[in-house]
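Asker:
Residue numbers (our numbering): 12 to 408.
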């Protein structure tokens, strides 16, 4: 029985608050959602299905194929249960594997101890069956086994992803405080952008938002930029399945005639690096780069696009006054130059957001690292209606 063709529960994880976007992506790929939770979704599928998911998802982190669920009160219970699993049918010989875990159990105060007990069970089983000891280590370059253990409930998975899918693999020069690629994709998917109208991205930094917008618009999937996944290092892997899925990625790329994605930054070095990242992502010809202050950014007139900016949040002493002025200027720019557009400001500082001086139509919750963030949406009317209906009161968020 091959795990690659045997259906089992599959958990697709993501960063907090990205689950709604992962859920929609998974549905769009033709899978039925059995359960949705705060950090992911659960479906039924084979490891061959996991190959498709790994290559296509913009917003996910890991794709986990469940081997077994069991009860475990302590680490010895985990060891004794895992010793019974036929790891010789999963880990190649010779093989390299890593162990990761998510543990909440009162008997464990260090996840590394749980990882060691998982590793010990697999190694002892393979030594008994094969007479040789497999290689193990922290690098997620071979097979990856994941333990989820909460109180007395435990589940052991094959992590078919390995390194996190949230990093899409094209960004060679991250720049200063870069936005995680999966988060950037989710914020774009949360917006009202139709993928045909202009996408204006001042303060572009390393270019992540503009690049992700180009990838989404052209249906270019993250699997195009990565050549190693953990599913490649398990028994029964058929590379022809992978190559077939990769071919589909190439075939589904679409051109968007007339699309304008305009990315700018006052830093010439940031724009140079953003261009390099765009070249690595294969979308440099879809993005117009400019070196300028955001207030001088081009906004095509008579269009119904989006203005999308990710300003600093003010997490360092001494820059609050300067940022208050910046946020105020962002509001002025949207009022004066972006009539007919939707404006989006991604920020982790709602006090600074008040300085924008416009009433947000939606406040969409996100996290970046440990910072509670919002994607603020502004409907920017043309003409006098803009002034009458959208200016916020002083106490507005």
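All C-beta atoms, glycine included, are put in the ideal place defined by N, C-alpha and C.
Since the structure is predicted, the reported quantities are computational estimates derived from the model, not experimental observations.
Using a C-beta cutoff of 8 Å, does residue 253 count as contacting chain B?
Answerer: Of the chains in the structure shown, none is chain B; there is only one protein chain.
Asker: Look at the alpha carbon of residue 25 and the alpha carbon of residue 120, and state the distance between them as a whole number of angstroms.
Answerer: So the two alpha carbons sit approximately 24 Å from each other.
Asker: Below 8 Å, can you find three or more Cβ-Cβ pairs linking the stretch 346 to 360 to the stretch 299 to 319?
Answerer: yes
Asker: Going by Cα to Cα distance, which pick from 266, 250, 325, 93 is closest to residue 229?
Answerer: 266
Asker: Give the DSSP-derived three-state secondary structure of residue 140 in the structure shown.
Answerer: helix
Asker: Please state whether the Cβ-Cβ distance between residue 56 and residue 30 is less than 8 Å.
Answerer: no
Asker: Quick one: what does DSSP say residue 369 is sitting in, helix, strand or coil?
Answerer: The answer is strand: DSSP assigns residue 369 an E or B state.
Asker: Between the Cα of residue 83 and those of 261, 162, 338, spot the shortest distance and give me the residue it belongs to.
Answerer: 162
Asker: Just mark residue 234 as buried or exposed, buried being the case when its beta carbon has 16 or more other beta carbons within 10 Å.
Answerer: buried
Asker: Tell me which residues share the same chain as residue 44 and place their Cβ nearer than 7 Å to its Cβ, disregarding the 5 neighbours each side in the sequence.
Answerer: 34, 37, 38, 52, 54
Asker: Residues in its own chain within less than 6 Å of residue 182 by CB, not counting five upstream and five downstream?
Answerer: 288
Asker: Leaving out five residues before and five after residue 214 in sequence, what residues of the same chain have Cβ atoms less than 7 Å from its Cβ?
Answerer: 276, 305, 320, 321, 322
Asker: Which same chain residues end up closer than 6 Å to residue 71 when comparing Cβ atoms and leaving out the 5 residues on each side of it in sequence?
Answerer: Excluding residues up to 5 positions away in sequence, 23, 25, 33, 176 lie with their Cβ nearer than 6 Å to the Cβ of residue 71 in the same chain.
Asker: Whole-angstrom Cβ separation of residue 28 and residue 378, contact assumed at under 8 Å?
Answerer: 5 Å
Asker: Based on the DSSP output, what are the partners of residue 19 in its beta bridges?
Answerer: 56
Asker: Counting only runs of 4+ residues fully inside the stretch 201 to 241, write out the alpha helix (DSSP H) ranges in chain order.
Answerer: 219 to 228
Asker: Using the DSSP secondary-structure output, state which residues sit across from residue 113 in a beta bridge.
Answerer: 159
Asker: So if DSSP puts residue 302 in a beta bridge, which residue, or which two residues, is it bridged to?
Answerer: 276
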